[in-house]
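Below you'll find the structure, written out as structure tokens, and then a few comments.
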Amino acid sequence: MADEGDKGPIKSRLYDIIDRNRDGKMTAEELQAALRLPAHAQSISQLIVRYESEWYYKPQKWDVLDELLGHSGSTPHLNWLAEKERIKQLSWWSEVAEKVGLPVHGRVYHLHPVGMAGHFAKMGGLINVEDFLLQYEQVHKLFSPDTPALTKESKDNLEKIIIAINTYYESSLQKANLYEVSYMLATARHETYYYPDAEFFSEKPEVGKLSYFNKYDPVLASDPEGRETARRNGNTQEGDGFKYRGRGCVHLTWKNNYQKFSNLLFFDFVSNPDAAAKFEYSIPIMIIGMTKGMFTGKKLADYLNINKVDYLAARKIINGTDEKVLIAPMQKDLKPFLRKLLNCLWSFKYG
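Numbers 70 to 420, taken from this note's numbering, label the letters of the sequence shown in order.
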């Protein structure tokens, strides 16, 4: 229920998600914009607001508009008088309230029945988006001492990621696993950090000068081994190293991988490689690729199972053991509060 008065965490949160220009006002346009974002629409739909019904007629409520509309005793505004009479005739509340048990003062609780039922029934997706964002902010800077602040852009990016994860599992027969989801989120946090702008969970591609990607190129690589590795992974033309550089939540690299997921997701990533960075695609690429071992042959279940939980070795799922000591602690920090926020989650017997 909305808190009383003009201050409080609920009202502050309401202004955060609706009042985008921070002018202290919530306009119809801002509300419509907020409702277009599923996570914000979910939050708004859970409000219970006590307010006077529009069907309850009080003359003074409409009389205050007389001066604005140019109506007075000496200069009556006939159309406005007719409109007030029409409103009075339409307002049925006072006539039926006592007969059917409605409050005679006209003030009632307004709620979104579907949204509220979904909230109580925990039908808001695998992860409660709003709660996750609030919880994540508390641990964001704990992963390493020099972690830059979580900007609004980074937070918006993370919101899109969580929504995309929910969407994937809702539309898939695949079961979600606490250990796997938390490790994938830790991987995404690491891979999608765009350090030139200190932007976390970014959709921007791998950072580097054009020459940096020569190591992936069949012509421009500095040694025969590098050129052969490029060809073996599908990069056959000069420029393929840069064209098929890392994108998305796992930094998808090599033309063969772009082709592999083109076939799987029925979208031509080979011709449109930048699309692989968009969360609507990069989340399915990450989940399917990591659970089925489509990047290195190693999969999540090889390292996260009922017999062992090896966060360090799990890095082999993506590309060997680089950065394993950074990603493993993130997973450990994410798992405890994910446990509280995940719905319908399958885990291990000791999880």
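Glycine residues also receive a C-beta, built at the ideal position from the N, C-alpha and C atoms.
Residue environment, residue i, which counts as buried when at least 16 other CB atoms sit within 10 Å
i      : result
GLU199 : buried
ILE375 : exposed
THR48  : The structure shown does not extend to residue 48, since the chain is modelled only from 70 through 420, so no value can be given for it.
ALA299 : buried
ARG301 : exposed
PRO172 : exposed
TYR350 : buried
LEU289 : buried
THR220 : exposed
LEU373 : buried
GLY277 : exposed
PRO293 : exposed
LEU134 : exposed
LYS244 : exposed
Contact set for residue i: own chain, Cβ-Cβ below 8 Å, skip 5 residues either direction
i      : result
GLU239 : GLY194 and LEU195
TRP162 : SER122, TRP124, TYR125, TYR126, LEU171 and GLY175
VAL165 : LEU171
Residue i in three-state terms, based on DSSP
i      : result
TYR419 : Any reading at TYR419 needs caution, since the residue's pLDDT is 35, under 50, leaving its predicted position unreliable; the model's value is listed next. Three-state DSSP puts TYR419 in coil, outside helix and strand.
LEU321 : strand
GLU272 : coil
VAL198 : helix
ARG176 : strand
GLU123 : coil
ARG301 : helix
VAL208 : helix
ASN246 : strand
VAL378 : strand
ARG258 : helix
VAL446 : Nothing can be reported for residue 446, as the shown portion of the chain is limited to 70 through 420.
LEU373 : strand
TYR263 : strand
ARG384 : helix
ARG89  : coil
From the options, residue whose alpha carbon lies closest to that of residue i
i      : options                           : result
ILE117 : PHE311, ASN283 and LEU83          : LEU83
LEU106 : ASN226, GLY170 and PRO274         : ASN226
MET359 : ALA166, HIS146, SER81 and ASN246  : ASN246
GLU123 : PHE348, GLY175 and LEU289         : GLY175
PRO287 : ALA233, HIS109 and TYR313         : TYR313
ALA345 : LYS361, HIS320 and ILE356         : HIS320
SER251 : PRO214, VAL378, ARG316 and SER271 : VAL378
SER280 : PHE364, GLU307, LYS224 and GLN101 : GLU307
LEU334 : THR322, MET355, GLN129 and TRP323 : MET355
ASP266 : GLU228, THR216, ALA255 and GLY295 : THR216
GLY310 : GLU297, ASN283 and ILE352         : ASN283
THR365 : THR322, PRO353 and ILE352         : THR322
PHE212 : ALA97, HIS179 and PHE269          : PHE269
SER160 : TRP131, LEU147 and ARG384         : TRP131
SER112 : THR305, LEU180 and PHE348         : LEU180
LYS273 : GLY315, ALA255 and GLY295         : GLY315
GLU114 : GLU136, ILE79, ARG91 and GLY362   : One detail in the question is off: residue 114 reads as Ser in this sequence, not Glu. It is ILE79.
LYS224 : LYS329, SER271 and GLY317         : SER271
Sequence-distant residues of the same chain with beta carbon closer than 6 Å to residue i, five excluded per side
i      : result
ASN325 : ASN302 and GLY303
TRP149 : LEU138 and HIS140
LEU369 : GLU249, MET359 and THR360
GLN129 : none
MET95  : ILE87 and ASP88
Chain-order list of residues whose beta-carbon lies under 7 Å from that of residue i (same chain, five-residue window excluded)
i      : result
ALA190 : Residue confidence for ALA190 is low, a pLDDT of 45 falling below 50, so the modelled location carries little weight; the figure read from the coordinates is stated next. Answer for ALA190: no residue qualifies.
GLU99  : ILE87, ASP88 and ARG89
HIS109 : ILE86 and ALA103
ILE231 : ILE196, VAL198 and PHE201
LYS367 : LYS385 and ILE386
Checklist line | Meets three-Cβ-pair contact criterion under 8 Å: the region 196-209 and the region 153-160 | finding: Taking a cut-off of 8 Å on C-beta distances, the region 196-209 does not touch the region 153-160, as fewer than three cross pairs fall below it.
Check: For the region 335-344 against the region 242-260, are there 3 or more C-beta pairs whose distance is under 8 Å?
Finding: Taking a contact to require three or more Cβ pairs closer than 8 Å, the region 335-344 and the region 242-260 do not qualify as touching.
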